[in-house]
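Some notes on the structure that comes next.
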Amino acid sequence: MSTDNHKKNARERRFATKLIHFGAEIDEQTGASSVPIFQASTFHHHDIFNPPQYDYSRSGNPTRQALEDYIALLEGGARGFAFASGMAAISTTFLLLSAGEHVIVTEDVYGGTYRLLTSILDRLGIESTFVDMTDFEAVKAALKSNTKAVFMETPSNPTLKITNIAQTTAWAKEHGLLTMLDNTFMTPYHQRPIELGVDIVLHSATKFLGGHSDVLAGLAVTADEALGKRLKQLQNGMGTVLSAQESWLLMRGMKTLQMRMESSERSARRLAEWLSEHSEVTAVYYPGLPNHPGREIHEKQSLGYGAVVSFDVGSGERAKALLSKVQIPLVAVSLGAVESILSYPAMMSHAAMPKEVRHARGITDGLVRYSVGLEDIEDLIEDLDNALRP
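For the sequence shown, position 171 matches number 644 in the numbering used here, and the numbering has no gaps at all.
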């Protein structure tokens, strides 16, 4: 079977099969059952007048290319790109904008994205307005004469607010705006933004895609080739690429994505329900709860609720006490791993936000974020129950 036909068949398969059979799972030269790691910085030109496909690993590497084709297949996009981190992917993509241009951004966006926009890109003359994207009228009201893009994060990090993707992208297209969406929490298994009109999908692949707390990586997928060419120019020009070793490690993790997400989501739903009835918890944020204000919209655009549950214990003192008492989850930055990870946004993921800005976005001092791993959920609940006791 030709490579082109193999890739065509891969696009037609169901998601679980695509994860294993993505077009480069068997090495054509050796029959190896794993993509080779091309640990090379440069490539020989057999014919100087007919340059090879790969000449220098910053511009292209066969191992990285396999990963980039892999994520494009999973997201249903035209081109995929692998970066040294999630923030490398996001920052490179934002540089599609130029000085004097403006972007509308999800209000309670990841702290690293907030820091990029408010302390780096603003110095380069790229303006941003943060908006509660659960309020579509507020999104429309943020439009300015120099607006060029909309950046969505849904569910948002860490309060899990939901943006209506199709509604927002349709409006953006009417105004000629580029749309970008951080799909880290949902992954292409649960949510496929390109099918809802998004131009560029972004991932911190360090999280659920890698899944094992052992790789730092970012991914981007463009909906069309023209946009892909522009992003490729930036990736190559800035050199924000993922190494061959990390590319291979990420592909290995991605093969088990569906099974990991299904297991972690089942546990997350159980945890969210349990937390919502706990006397020491003042609020629970999870799209799968019946009282979540964005649940109906989320269910129309996503196939699942994800594995992240945020909850408020009422104060910073109680949050810190909880973090010191839990025994099973890692108390750490990050999420989306086989082991559960309990984070404190005020001092971790959103430490770059001034306190008053965090509080205005609902990121209180009592808020903690639980990324549910693959442990037995009853053990996680018992551990959390003990830690929550006064």
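C-beta atoms are modelled at their ideal positions from N, C-alpha and C, and glycine is treated no differently. Quick caveat, the model's predicted, so the values are computed rather than measured.
Asked: For R487, count neighbouring Cβ atoms within 10 angstroms of its own Cβ and tell me buried if that reaches 16, exposed if not.; Found: exposed
Asked: Does the Cβ-Cβ distance between T636 and M625 come in under 8 Å?; Found: yes
Asked: For T642 and D672, I'd like the C-alpha separation in whole angstroms.; Found: 9 Å
Asked: Could you tell me if the beta carbon of G553 falls within a distance shorter than 7 Å of some heavy atom in the ligand ZN?; Found: By its list of ligands, the structure shown contains no ligand whatsoever, and the ligand ZN lies outside what it can speak to.
Asked: Report the start-end ranges of each beta strand (DSSP E) in the stretch 698-779 that is 3 residues or longer and not cut off at the edges.; Found: 756-758
Asked: Using 8 Å as the cut-off, can you tell me whether the stretch 587-602 makes contact with the stretch 739-746, which would need three or more C-beta pairs spanning the two stretches below that distance?; Found: no
Asked: In three-state terms, what does DSSP make of I563?; Found: helix
Asked: Applying the criterion that 16 or more other CB atoms from any shown protein chain within 10 Å of the CB defines a buried residue, is L776 buried or exposed?; Found: exposed
Asked: Rounding to the nearest angstrom, what Cα-Cα distance links G533 and I493 in this structure?; Found: 23 Å
Asked: Whose C-beta lies closer than 7 Å to the C-beta of R703 among residues of the same chain, with five residues either side of it excluded?; Found: L569
Asked: From L808, S629, L546, pick the residue whose C-alpha is nearest to that of N482; which is it?; Found: L546
Asked: To which residues of the same chain is G573 closer than 7 Å at the C-beta, ignoring the five residues directly before and after it?; Found: G598, N619
Asked: Which term fits D655, buried or exposed, when burial requires 16 or more other beta carbons within 10 angstroms of its beta carbon?; Found: buried
Asked: Apart from the five residues on each side of it in sequence, which residues of its chain come closer than 6 Å, Cβ to Cβ, to S736?; Found: L847
Asked: Does DSSP put I850 in a helix, in a strand, or in coil?; Found: helix
Asked: Could you compute how far the alpha carbon of K798 sits from the alpha carbon of E855?; Found: 12 Å
Asked: CA-CA distance, A489 and D697?; Found: 24 Å
Asked: Please go through the same chain and pick out, in chain order, the residues whose beta-carbon is closer than 7 Å to the beta-carbon of T837, but skip the five residues on each side of it.; Found: D785
Asked: Quick one, which of M732, V757, T729 has its alpha-carbon nearest I742's?; Found: Inspection of the sequence shows that residue 742 is occupied by Arg rather than by Ile. Closest by alpha carbon: V757.
Asked: Please tell me whether G584 and A824 are closer than 8 Å, where the distance is taken between their beta carbons.; Found: yes
Asked: Can you look up A693 in the DSSP assignment and give me helix, strand or coil?; Found: strand
Asked: Tell me which same chain residues have a C-beta within less than 8 Å of the C-beta of V576, skipping the five on either side of it?; Found: F567, L570, L590, I599, E600, S601, T602, T620, K621, A622, V623, F624
Asked: If I measure Cβ to Cβ from M474 and keep anything under 7 Å in the same chain, skipping five residues before and after, which residues do I get?; Found: Interpretation of M474 is limited by its pLDDT of 42, a score under 50 that renders its predicted location unreliable; the figure taken from the coordinates is listed afterwards. There are no such residues.
Asked: Which whole-angstrom value describes the C-beta separation of F681 and L730, a residue pair presumed to lie in contact below a C-beta threshold of 8 Å?; Found: 7 Å
Asked: Label P818 either buried or exposed according to how many other C-beta atoms from any shown protein chain fall within 10 Å of its C-beta, with 16 as the threshold for buried.; Found: buried
Asked: Do the CB positions of L715 and A555 come within less than 8 Å of each other?; Found: yes
Asked: Rank V674, F522, S592, T607 by C-alpha distance to the C-alpha of G559 and give the top, closest one.; Found: V674
Asked: Going by DSSP, which residues form a beta bridge with F603?; Found: V578
Asked: Threshold first: 3 residues or longer. Then list the beta strand (DSSP E) segments lying entirely within the stretch 583-633, N to C.; Found: 600-604, 620-626
Asked: Just to confirm the assignment, what range does the alpha helix (DSSP H) spanning G789 have?; Found: 789-798
Asked: Which whole-angstrom value is the C-beta distance of L738 and G683, which I expect to be below 8 Å?; Found: Residue 738 is actually Glu in this sequence, not Leu. With a Cβ gap of about 17 Å, E738 and G683 do not count as contacting.
Asked: Among the candidates V612, A792, F516, whose CA atom is the shortest distance from the CA of L815?; Found: A792
Asked: Can you tell me whether L540 is helix, strand or coil according to DSSP?; Found: helix
Asked: So the beta strand (DSSP E) L555 belongs to, where does it begin and stop?; Found: A quick correction: the sequence has Ala, not Leu, at residue 555. Unbroken beta strand (DSSP E) run through A555: 552-556.
Asked: Go ahead and label K828 buried or exposed: buried means 16 or more other beta carbons lie within 10 angstroms of its beta carbon, across all protein chains shown.; Found: exposed
Asked: Please state the DSSP three-state secondary structure of I638.; Found: helix
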